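A.B. asks:
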Amino acid sequence: MYIQRAYKHLAILEEEGRLLPRLSLLANNAYSGKEYNGETTDGQIIITRHMIDKLVVRSFPPCMKQMHKHLRVNHHLKYGARRQYGLFLKGIGLSLDEAMAMMRDEFTKKIPSDKFDKEYGYNIRYMYGKEGRRVPQTAMSCAGIILRNPPSAVDCHGCPFRHCETGLLKQKLASELKKDQVEKITQFAENNQYDKACTRYFEFTHHLEEGGLGQLITHPNQFFEESQKIIAERIAAKKATQGGAEVEKMDTQ
RNA sequence: GGCGGC
DNA sequence: GCCGCCAACATA
Ligand code: SF4
1 MYIQRAYKHL AILEEEGRLL PRLSLLANNA YSGKEYNGET TDGQIIITRH
51 MIDKLVVRSF PPCMKQMHKH LRVNHHLKYG ARRQYGLFLK GIGLSLDEAM
101 AMMRDEFTKK IPSDKFDKEY GYNIRYMYGK EGRRVPQTAM SCAGIILRNP
151 PSAVDCHGCP FRHCETGLLK QKLASELKKD QVEKITQFAE NNQYDKACTR
201 YFEFTHHLEE GGLGQLITHP NQFFEESQKI IAERIAAKKA TQGGAEVEKM
251 DTQ
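Residue numbers for the first sequence, in UniProt numbering: 1 to 253.
This is how it looks when you write it as structure tokens:
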């Protein structure tokens with residue numbers, strides 16, 4: 001029964017990791033049809049739009065969680081978010097087709113599909129380098145997100161640590177963190193140390209010690225990559241000890 | 001969103 | 001009203 005328990009935890013963990021399909025099962029030919037212009041690390045697994053909702057929970061930074069939620073709730077994203085979130089998704093490996101489908105599935109709940117591709121199709125293809133100059137766009141860094149194109153009152157893009165009133169920020173963080181953790185983070189935010197605020201957020205949500213990440217978060221995609229790396233490591237550790245007594249004690253959250 | 005074309 | 005084109009930059 002220890003073993004059974006271990007397998008259950010493992011299953012949950014794997015759902016959060018994107019390395020679900022065995023690498024060995026995906027020969028290089030699995031990538032046919034897709035194009036990688038250097039920014040996508042090799043060896044990574046293809047991400048589909050159906051995996052996003054799971055990945056958001058553990059591996060997306062606050063800014064992206066914000067926009068993803070808005071997308072699911074309002075079935076729409078304003079220009080700024082479409083770009084910031086769209087490029088981030090592209091950065092984590094979501095293909096053009098998947099991104100296009102994901103947005104259409106959602107937007108199309110409020111507008112006719114023909115209006116969708118007339119209104120948003122071009123820009124999405126453009127981000128993937130399929131229009132105009134045909135150069136794939138790269139995601140914005142925290143600095144870029146914080147410095148340029150500030151969100152207006154109705155926008156949902158930007159950086160929560162920088163663009164949310166501390167009241168709202170605390171409220172948002174409260175749903176996934178302890179009170180004292182929320183305080184520490186908002187303290188950094190109020191002190192305009194957004195990178196530290198985000199790094200602490202990462203450490204707390206990944207159950208690391210403060211400073212345990214060993215680096216500052218300066219890019220949303222870095223946040224994602226580091227998160228996936230940790231989850232992968234824990235899956236590996238789990239497999240190595242599964243069946244053993246250690247498994248029971250291990251907190252995989 | 002901005003710029004541009006009719 | 002119809003349409004095209006652009007911006008970015010962590011990173012082992
Ligand atoms: S710090 Fe960078 S990653 Fe963290 S929320 Fe703000 S923008 Fe997103």
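Each residue gets a CB set at the ideal place from its N, CA and C atoms; glycine is no exception.
As the structure is a computational prediction, the values presented were derived from the model and not from experiment.
So, with DSSP's three-state summary, where would you put Ala30?
C.D. replies: Residue confidence for Ala30 is low, a pLDDT of 37 falling below 50, so the modelled location carries little weight; the figure read from the coordinates is stated next. DSSP places Ala30 within a helical segment (H, G or I) once states are collapsed to three.
A.B. asks: My output table needs one value for residue 256: the three-state DSSP class, helix, strand or coil.
C.D. replies: In the structure as shown, the chain begins at 1 and stops at 253. Residue 256 is therefore absent and cannot be evaluated.
A.B. asks: Go through its chain and collect everything with a Cβ distance to Ile52's Cβ below 8 Å, but skip five positions before and after it.
C.D. replies: His68, Leu89, Leu94, Met102
A.B. asks: Pull up the distance between the alpha-carbon of Ala72 and that of Thr241, whole angstroms please.
C.D. replies: Here residue 72 is Arg; the residue named in the question, Ala, does not match the sequence. Their backbone Cα atoms lie some 38 Å apart in a straight line.
A.B. asks: Can you tell me the Cα-Cα spacing of Leu169 and Leu177, whole angstroms?
C.D. replies: 12 Å
A.B. asks: Is it true that the CB of Gln66 sits closer than 7 Å to the CB of Cys156?
C.D. replies: yes
A.B. asks: With DSSP as the reference, label Leu77 as helix, strand or coil.
C.D. replies: coil
A.B. asks: Kindly examine the ligand SF4 and report whether one of its heavy atoms sits closer than 6 Å to the Cβ of Cys156.
C.D. replies: no
A.B. asks: Note down the Cα distance separating Met127 from His75, rounded to an integer number of angstroms.
C.D. replies: 20 Å
A.B. asks: Below 8 Å on the Cβ atoms is my contact criterion, and I expect Glu225 with Gly212 to pass it. Report the Cβ-Cβ distance as a whole number of Å.
C.D. replies: The pair is not a contact, with the Cβ atoms about 16 Å apart (cut-off 8 Å).
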